[in-house]
Amino acid sequence: MAAPPKFLDYVLRYYAVEGVSKACLALQETYNLDVDLVLFAIWLGAVRQIVLSDENLTSADALVTTWRDQIIRPLRVIRRRLKATGYPFTHTDIEKLYRDVLGAEIFGEKIEIAVLEAHSANWPDHANIDFRDAISANLAKVIGYFGGTPEDAGPQIETLVNATQSI
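Numbering-wise (the working numbering), the sequence shown opens with residue 13 and increments by one.
What follows is the structure in structure tokens.
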């Protein structure tokens with residue numbers, strides 16, 4: 013039996029599925045949540061059939077909150093400003109800086125992904141739970157944790173659950 017995909021490998025394949033990035037970004041914009049935590053919740057449900065407990069979600073978020081707030085989000089703000097800017101520099105200079113900041117943001121997210129995977133290494137897998145149910149429960153928990161309701165995020169949840177069948 014093949015080993016289950018590592019979190020980053022899974023994320024790279026999953027995020028390429030049509031509709032996933034749009035659904036994740038909609039959740040990020042609506043609830044100001046951490047997309048890496050959303051992807052973590054999906055991976056735990058899809059690959060390890062883990063339903064997140066309140067304690068597990070809280071501890072995972074506590075582990076990455078400072079990183080997200082002091083590194084990832086500021087890089088995202090800078091990247092977005094560069095994209096929307098009218099600075100008087102040459103276009104190629106701004107494009108290069110934009111790509112460099114985007115690369116730093118993505119690299120920072122990869123670090124967060126590695127931290128989350130390591131944090132969950134000793135959590136027991138639950139092979140007797142349907143992965144779709146585990147993903148739905150995990151997404152509802154993450155969205156609720158960030159102040160949203162699963163009902164309001166229904167279309168995004170449906171897209172994200174269905175996308176797992178494409179990888």
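Beta carbons: idealized from backbone N, C-alpha and C, even for Gly.
Taking the alpha carbon of residue i as the reference point, which residue from the options has its own alpha carbon closest?
i, options, result
"R92", "W135, S65, E117 and V76", "E117"
"N140", "R25, N44 and G57", "G57"
"V76", "L64, K95 and A126", "A126"
"D164", "A133, N174 and L151", "L151"
"A72", "E41, V32, Q40 and A133", "A133"
"E170", "L87, E30 and K18", "E30"
"L69", "L128, G166 and T176", "L128"
"T78", "A175, E124, F52 and D66", "E124"
"Q177", "G156, L20 and W55", "W55"
Spatial neighbours of residue i within its chain, please: CB distance less than 7 angstroms, with the 5 preceding and 5 following residues excluded, ordered by chain position.
i, result
"M13", "Its pLDDT being 46, under 50, M13 is placed unreliably by the model, and the measurement read from it follows with that caveat. Cβ within range, chain order: n/a, list empty."
"W135", "I62 and N68"
For residue i, collect the residues of the same chain with a Cβ closer than 6 angstroms to its Cβ; drop the 5 residues on either side in sequence, then sort them by chain order.
i, result
"F158", "Y43 and L45"
"D105", "none"
"L49", "V154"
"R25", "I179"
"F52", "L128"
"Q40", "V47"
Tell me which same chain residues have a C-beta within less than 8 angstroms of the C-beta of residue i, skipping the five on either side of it?
i, result
"T97", "I106"
"Y110", "R91, L94 and K95"
"L20", "K122, I125, A126 and E129"
#### Entry: Secondary structure, alpha helix (DSSP H): runs of 4+ residues fully inside the region 82–129
DSSP assignment within the region 82–129 yields the following whole alpha helix (DSSP H) runs of 4 residues or more, N-terminal first: 85–95.
### Task
Spell out a yes or no on whether the region 62–82 and the region 144–157 are touching, meaning 3 or more CB-CB pairs, one atom from each, closer than 8 angstroms.
Yes, the region 62–82 touches the region 144–157.
### Task
Determine contact between the region 108–116 and the region 21–40, defined as no fewer than three beta-carbon pairs at a distance below 8 angstroms.
no
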